[in-house]
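These notes concern the structure reproduced below.
Number of protein chains: 2
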Amino acid sequence: MSVKAKAIYTFLSENKEEISIQENEELVIFDENSVDGWFQGENSRGERGLFPASYVEIIRTRSNSNVTDCSISPAGSLGKDSSYFSSIPITPPNLQQPYYDDEDDDWDDWDDRSTVVEDADYSRSPGANGHDYQSPVSNNPNVHYRTKPHMERQDSISSSRKGSMVGRNLNRFSSFVRSGVEAFVLGDVPMMAKIAESYTIEMGTVGPQWKVSPQPFTCSIEDPTKQTKFKGIKTYISYRVTPSHIGRPVYRRYKHFDWLYNRLLHKFTVISVPHLPEKQATGRFEEDFIEKRKRRLILWMNHMTSHPVLSQYEGFEHFLMCTDDKQWKLGKRRAEKDEMVGAHFMLTLQIPNEHQDLQDVEERVDTFKAFAKKMDDSVMQLTHVASELVRKHLGGFRKEFQRLGNAFQSISQAFMLDPPHSSEGLNSAISHTGRTYENIGEMFAEQPKYDLFQMLDKLSLYQGLLANFPDIIHLQKGAFAKVKESQRMCDEGKMDQDEADGIRKRCRTVGFALQAEMSHFHQRREVDFKDMMQAYLREQIAFYQRVVQQLERTLRMYECL
Amino acid sequence: MSVKAKAIYTFLSENKEEISIQENEELVIFDENSVDGWFQGENSRGERGLFPASYVEIIRTRSNSNVTDCSISPAGSLGKDSSYFSSIPITPPNLQQPYYDDEDDDWDDWDDRSTVVEDADYSRSPGANGHDYQSPVSNNPNVHYRTKPHMERQDSISSSRKGSMVGRNLNRFSSFVRSGVEAFVLGDVPMMAKIAESYTIEMGTVGPQWKVSPQPFTCSIEDPTKQTKFKGIKTYISYRVTPSHIGRPVYRRYKHFDWLYNRLLHKFTVISVPHLPEKQATGRFEEDFIEKRKRRLILWMNHMTSHPVLSQYEGFEHFLMCTDDKQWKLGKRRAEKDEMVGAHFMLTLQIPNEHQDLQDVEERVDTFKAFAKKMDDSVMQLTHVASELVRKHLGGFRKEFQRLGNAFQSISQAFMLDPPHSSEGLNSAISHTGRTYENIGEMFAEQPKYDLFQMLDKLSLYQGLLANFPDIIHLQKGAFAKVKESQRMCDEGKMDQDEADGIRKRCRTVGFALQAEMSHFHQRREVDFKDMMQAYLREQIAFYQRVVQQLERTLRMYECL
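Protein sequences, first through last, are from chains H and L.
Just so we're aligned, residue 1 is where the first sequence starts under full-length UniProt numbering, counting upward by one.
Just so we're aligned, residue 1 is where the second sequence starts under full-length UniProt numbering, counting upward by one.
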């Protein structure tokens, strides 16, 4: 059944099956159930096609909802529970409708027949989720960065529950409230009798850090293979995923990664969960796209296994080890029923006894915030420059060298036209020079595969990681504000010192966790950027050496004339 | 006194002191005496500035001329004899007003105060004089090839003289008539009692060729130096010119080269005289312009000394050897009074006795013509591509690498913002990588000086040489037509066999001379293009090797981290 909707973000189509939508534009959606996060519908200009479900709000009329009249509710992939945001449930989040329905196993497969080639233009970088740094102004007005809506963390603890006299944040969409950290800080999350999980933060040489995993491992992702089921009606790509500490591969689809990713978002407050490579409605079976997705899944996996907390997550272990279909479903259910998510996750953190002045922590966080903003800007700048370079390699550079090659060929053809004087050796040397420059043009066009693509992959991972930090930093800011507020109330005699001390203690936990996460980010960044720069330079050297070799071989043809 | 004129060719200004004029546009000229071939005036749009005198015709009103009423006469640099073309003199050309006036020694100096920088845009190649190949269509609609008017050979033998019954060409501007070759073929040029000069054509392995000069030599052009005279009022550039067989330098200005060049045009029918590097009204004292002119004068000189006929010319010898001012003027006068010019020059040629079927010669020339047209096209194409590459090197390539460098620098700056985690070694390596790419950008911008400029210089020389051939080929075509006409008249009994035989014999001379010139062209072309390609490849190899070295040094910074 078709319904009306309104665009809440502008979306620019990147494939011919997609349509562009403008912020505030009225839309018609043909089927309220989004597929793979995409709606099929029509915009106000009468164009029909796909657009991201999370970019629009379905407009509810009186007959559809008894909560609010003509309310607008974010659509997203919520599917069967589209009134989720208009009536925040009191029940704990783990009792809610799971994000994914086991029975609906085909949401990744719906456009298998698509043959649209992925646009090789890397310049349209994905914007970042929940990103509130000021974006650098693009030098090229034709490049549009796609702005993505906030990734909703669905585990808001009810703000209606009264447990403390300290004021609550009225903005229930702020990450502080959504994540449950407000509730945690205010002591609204009861300590549970038995907590199986425990993550330790210890003091390192430059501040708090996550305690390393007792069993570190890596994990390869290889061999993306086209698979079919239902007698060929459904097609998908399967990846061989082999964790080093198990040594036995499992086969996973993108939708499995996506399930895991959403579990991570759900559970890990205060941790910057790496974004998955972008979804794409069409062209998913094109070789270039499969390659790119594989490369980016590898980077994602490297970050996952490198993280002392994320790498130990039970759901991740399940993802990496489970080979049995029945066990898979059971494990999924178990992960979806995990109680230690969001606010409760904070209870699993063990912090050191060292005293940290909250003001110092605040300054430390502000420094990191300034760093992260500048890094985000410069990663964006480098992404833009590298994307433009890819375009130049494929276009301008190739063209220039090929034109030069053609012109040399043309000279050699002219020289052949007067046979008694045709100087055969010279002609064939010039003609060879022409081919050499045509080759060099092709080498330029090929080169991004060996260097710039890898750089862009890594930059994309970091764009995602950096995009998480404003929300994470906001958690600490919110907690710190609560401490100050409770201290003031305590001074005014409106609050027990015990309660205020509790708030301060829990705020320390938030601060330690954030600092550990900052530290982990720096540690990975150093490794990743060193690798990235070295790999880039090595490939560049190899490239120019190949050019030199080609030219030297060509020059030799003239020497024996 | 200002006079009215009409543009006979479209001219596009290339410097801010020049103005553009449209074909047929009415103009006002402030001073009828052109300076260095340029008029100062105003176009119909009220713009004031310089334009080439040879592109306009002065409009004569009744009071200015008693020859024709309101006639239009080509202006050019004819100066005092502006009615030259409207009343062709019967007197031999060597008695005419010389092209240059000794007293007017300052025509090269008039805009000494100019500081306009020469436009570095090589894409505006000079069109070719007397060029009747079809020009290749430029791929870039913004690039205008300047079309130059025909270089007038001023030694037309009067076509009013009656000496033969074979019809004369009525187009007195055709090269056949202008050059005097028609008159020569028809036997109108009397053999002189004593001819001091003699140039021999001999049969080589692939056809007729000029006999090599008994005393071959080379000649260096070095050290362009700014000189002043009249207490600094006049400024000019002087070149040190050192012929190898003399070993003693002379100092020459561009105007001396130009004088020599015009003597060569005047005298050497059937020979492709290399064009001098372009004149330029402004920016003549800019370093880039001086460098470019020097490089192109060297190529011009190399072609001169390599030519068995041109290199032996008495006027050239005078140019290369004379160091005394008084002797210089005497030698100039002598060269200007040379009788063996144009049609008479044909009398100095000694041809072999070998029989050549005229039909074979005709085919030989047609083959060359097709070759020359294709070569002209491909030289134009390569010039266009190379000019565009220069532009890319100075613009796009430099910009891309500098942007990449900036982006790396920006990353390294971000990394410095969180001091406890600032990874100094990595930061300085990344910052160094940024500088390396900025350097590479500069290296790209510098590179044309080492390779493409030299290529463009040589291509420009060949554009000039090729541009001469249509006219030269036309001489042979005209002569061959006369042979057929005289044979027909002979068959009809309207002409003596003797006279027809004389025409045939003189046509053979034209054919031999043309073939010798074609052969010389091929010989030089082979040497020049081999050198050009080798030099280009060597510089390209050196360039990419330098890039590799820079990158290798930079990579090493990461290895010790």
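Glycine is no exception: its CB is placed at the ideal position from the N, C-alpha and C atoms.
Just so you know, these numbers come straight off a predicted model, no measurement behind them.
Item, Value
"Contact residues within the segment 423-445 of chain H, judged by C-beta distance below 8 Å to chain L", "S423, L426, A429, I430, T433"
"Cβ of M533 (chain H) within 7 Å of any chain L Cβ", "yes"
"C-alpha gap between D325 (chain L) and A535 (chain L), whole angstroms", "40 Å"
"Beta carbon proximity, R524 (chain L) to chain H, threshold 7 Å", "no"
"Contacting residues, own chain, Cβ-Cβ under 6 Å from E202 (chain H) (five flanking each side not counted)", "K211, P352"
"Residues that Y450 (chain H) contacts on chain L, provided the C-beta gap is smaller than 9 Å", "Within chain L, no residue comes near Y450 (chain H); the closest Cβ sits about 14 Å away, beyond 9 Å."
"Per DSSP, the bridge partner or partners of Q327 (chain H)", "For Q327 (chain H), which the question treats as bridged, DSSP gives no partner whatsoever."
"Start-to-end residues for the alpha helix (DSSP H) that takes in M443 (chain H)", "424-446"
"Where Q425 (chain L) falls, given that 16 or more other Cβ within 10 Å makes a residue buried", "The sequence shown places Gly at residue 425 (chain L), not Gln. When all chains shown are included, G425 (chain L) counts as exposed."
"7 Å Cβ cutoff met for I21 (chain H) and F30 (chain H)", "no"
"Interface residues of the segment 354-380 of chain L facing chain H [CB-CB below 9 Å]", "R364, T367, F368, A370, F371, A372, K373, K374, M375, D376, D377, S378, V379"
"Proximity of residue 594 (chain H) and R248 (chain H) at Cβ, strictly below 7 Å", "In this structure chain H extends from 1 to 561, so residue 594 (chain H) is not present and cannot be described."
"Pick from H:T305, H:E492, H:K369, H:L461 that is closest to R296 (chain H), judged by C-alpha positions", "H:L461"
"Limits of the alpha helix (DSSP H) - the one that residue 598 (chain H) falls within", "With chain H covering only 1 through 561, there is no way to say anything about residue 598 (chain H)."
"Given 8 Å, three or more beta-carbon pairs between the segment 515-530 of chain H and the segment 485-494 of chain L", "no"
"Assigned secondary structure, R553 (chain L) (DSSP; H/G/I helix, E/B strand, else coil)", "helix"
"Residues near Q227 (chain H) in its chain [Cβ-Cβ closer than 6 Å; skip 5 each side]", "Y236, S238"
"Sequence-distant residues of the same chain with beta carbon closer than 7 Å to F480 (chain L), five excluded per side", "L358, E362, C507"
"Within the UniProt domain \"PX\" (217-327) of chain L, ranges of the alpha helix (DSSP H) (whole runs, at least 4 residues)", "254-267, 287-306, 314-321"
"L27 (chain L) (DSSP reduced to helix, strand or coil)", "strand"
"CA nearest to the CA of K374 (chain H), picked from H:L466, H:M416, H:E317", "H:L466"
"Span of the beta strand (DSSP E), counted from its first residue to its last, around K6 (chain L)", "3-7"
"Within-7 Å CB hit, D325 (chain L) to chain H", "no"
"Own chain partners of A7 (chain H) with C-beta closer than 7 Å, once the 5 adjacent residues on each side are dropped", "I21, Q22, E23, N24, E25, L27, Y55, V56"
"Partner residues on chain L for G396 (chain H), Cβ-Cβ distance less than 9 Å", "K392, G396, F397, E400"
"CA-to-CA distance, E182 (chain L) to M191 (chain L), given in whole angstroms", "15 Å"
"Simplified DSSP assignment, three categories, for I21 (chain L)", "strand"
"Per DSSP, cross-strand counterpart(s) of L50 (chain L)", "L:E18, L:Q40"
"Contacting positions in the segment 407-418 of chain H - beta carbon closer than 8 Å to chain L", "A407, F408, S410, I411, Q413, A414, F415, L417, D418"
"Span of the beta strand (DSSP E) around M203 (chain H)", "199-204"
"Exposed unless 16 or more other CB atoms sit within 10 angstroms - verdict on Y437 (chain L)", "buried"
"Interface residues of chain H facing residue 593 (chain L) [CB-CB closer than 9 Å]", "This structure leaves residue 593 (chain L) out entirely; chain L is present only between 1 and 561."
"Under 7 Å between C-beta atoms of M263 (chain H) and G204 (chain H)", "The identity of residue 263 (chain H) in the sequence shown is Arg, whereas the question assumes Met. No, they are not a contact pair."
"Under 8 Å from the C-beta of F345 (chain L): neighbouring residues of chain H", "Going along chain H, no residue has its Cβ under 8 Å from F345 (chain L), so there is no contact; the nearest lies around 25 Å."
"For S410 (chain H) and N427 (chain H), believed in contact at Cβ under 8 Å, the rounded distance", "That pair is no contact at about 12 Å."
"Nearest to K449 (chain L) (by Cα), restricted to the options L:V250, L:G41, L:F289", "L:F289"
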